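One structure is given below, encoded as structure tokens.
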Amino acid sequence: MLLLISPDGVDEALDCAKAAEYLDIVDVKKPDEGSLGANYPWVIREIRAAVPADKPVSATVGDVPYKPGTVAQAALGAAVSGATYIKVGLYGCATPEQAVEVMRGVVRAVKDHRADAFVVASGYADAHRIGCVSPLALPDIARRSGSDAAMLDTAVKDGTRLFDHVPPDVCAEFVRRAHDAGLLAALAGSVKAGDLGELARIETDIVGVRGAVCEGGDRTTGRIRPHLVAAFRAEMDRHVRDHAAAAAQS
Numbered sequence: 073m074l075l076l077i078s079p080d081g082v083d084e085a086l087d088c089a090k091a092a093e094y095l096d097i098v099d100v101k102k103p104d105e106g107s108l109g110a111n112y113p114w115v116i117r118e119i120r121a122a123v124p125a126d127k128p129v130s131a132t133v134g135d136v137p138y139k140p141g142t143v144a145q146a147a148l149g150a151a152v153s154g155a156t157y158i159k160v161g162l163y164g165c166a167t168p169e170q171a172v173e174v175m176r177g178v179v180r181a182v183k184d185h186r187a188d189a190f191v192v193a194s195g196y197a198d199a200h201r202i203g204c205v206s207p208l209a210l211p212d213i214a215r216r217s218g219s220d221a222a223m224l225d226t227a228v229k230d231g232t233r234l235f236d237h238v239p240p241d242v243c244a245e246f247v248r249r250a251h252d253a254g255l256l257a258a259l260a261g262s263v264k265a266g267d268l269g270e271l272a273r274i275e276t277d278i279v280g281v282r283g284a285v286c287e288g289g290d291r292t293t294g295r296i297r298p299h300l301v302a303a304f305r306a307e308m309d310r311h312v313r314d315h316a317a318a319a320a321q322s
């Protein structure tokens, strides 16, 4: 599994740089603008400059409306600013067809600029609370649009978590559908260390966290700390090893 960490600005990105050996992707977002809130272009540039060159930088485009042209321009802006992973939160898409239209525009805009960019179609485990496309529709949306990965997060940050809305067996089906479509599967949403066993068991490709590596476990008022990143990574790697050993014995 790959570990994606989401600093809220340059200062936290510098702390991520201190823990670079323990993480795989640095994700730029603005938590006070939503689950997948977009940060400023200059912040993406500054974070790209702050973290080691061999660590990919991901940027969220926002919890976007159903406005394909607007979203395509925003996605291109993130790519031009230095992000190689572009995440789009399909907040305002009520149907798979709307979501595919938005993501096709993003894929074309981003990959015309940089062919090796990685586009992530992101939905929400608690989609029922905001009226957007259902979680299990995401892998097919990503496949049809030419995206590279399907992701689930939580839209409403009220203390509920990924598994509160999409139980592990449903997350396993999400991962299976993504893999069957040739996509990576990413899961986030107030993920804690205690969830890593299940995430390893269902063979999640990317785990996204923020609160779990912040002081006090608080994504809003806490700050990312390198020692918490290191501890989380050690626990993640332990579960991956245990799952691999169990699979080899079966």
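For my numbering, add 72 to where a residue sits in the sequence shown, where the first one is 1. Yeah, the Cβ is synthetic: ideal placement off N, Cα and C, and Gly gets one too. Small disclaimer: the values here were computed from a predicted structure and weren't measured.
- Under DSSP, F190 forms a beta bridge with Y157.
- In this structure H311 does not touch L259 by the C-beta definition: roughly 14 angstroms separates them, more than the 8 angstroms allowed.
- Listed in chain order, the non-local C-beta contacts of G149 below 6 angstroms within the same chain comprise P113, local neighbours out to five positions each way being set aside.
- Contact between G177 and G141 holds, with the beta-carbon distance rounding to 7 angstroms and staying under 8 angstroms.
- Rounded to the nearest angstrom, the gap between the Cα atoms of D314 and A166 is 39 angstroms.
- The beta carbon of E118 sits closer than 6 angstroms to the beta carbons of V82 from its chain, once the five residues preceding and following it are set aside; these are given in chain order.
- The segment 245 to 252 makes no contact with the segment 185 to 192, as fewer than three CB pairs between them are under 8 angstroms.
- Contact between V136 and V172 does not hold, since the beta-carbon distance rounds to 14 angstroms and is not under 8 angstroms.
- DSSP lists L224 and V279 as the bridge partner or partners of L259.
- Here the C-alpha atom of S322 lies approximately 42 angstroms from the C-alpha atom of V133.
- Here the alpha carbon of A144 sits roughly 6 angstroms from the alpha carbon of A181.
- Counting along the chain, the unbroken beta strand (DSSP E) around L74 starts and ends at L74 to I77.
- Taking 8 angstroms as the upper bound for CB-CB distance, V98 and K139 are not in contact here, some 28 angstroms apart.
- By a beta-carbon distance limit of 8 angstroms, A302 does not contact A257. Their separation comes to about 25 angstroms.
- DSSP, reduced to helix, strand and coil, places G134 within a strand of the structure shown.
- Across the structure, V179 and H200 are spaced so that their CA atoms are roughly 26 angstroms apart.
- Partner residues in the beta bridge of I296, as assigned by DSSP, are C286.
- According to the DSSP assignment, D87 belongs to the alpha helix (DSSP H) that extends over V82 to K90.
- Fewer than three pairs of CB atoms, one per stretch, sit closer than 8 angstroms, so the segment 270 to 280 makes no contact with the segment 201 to 211.
- Residue nearest to E245 within the set R216, K264 and L210 is L210 (criterion: CA-CA distance).
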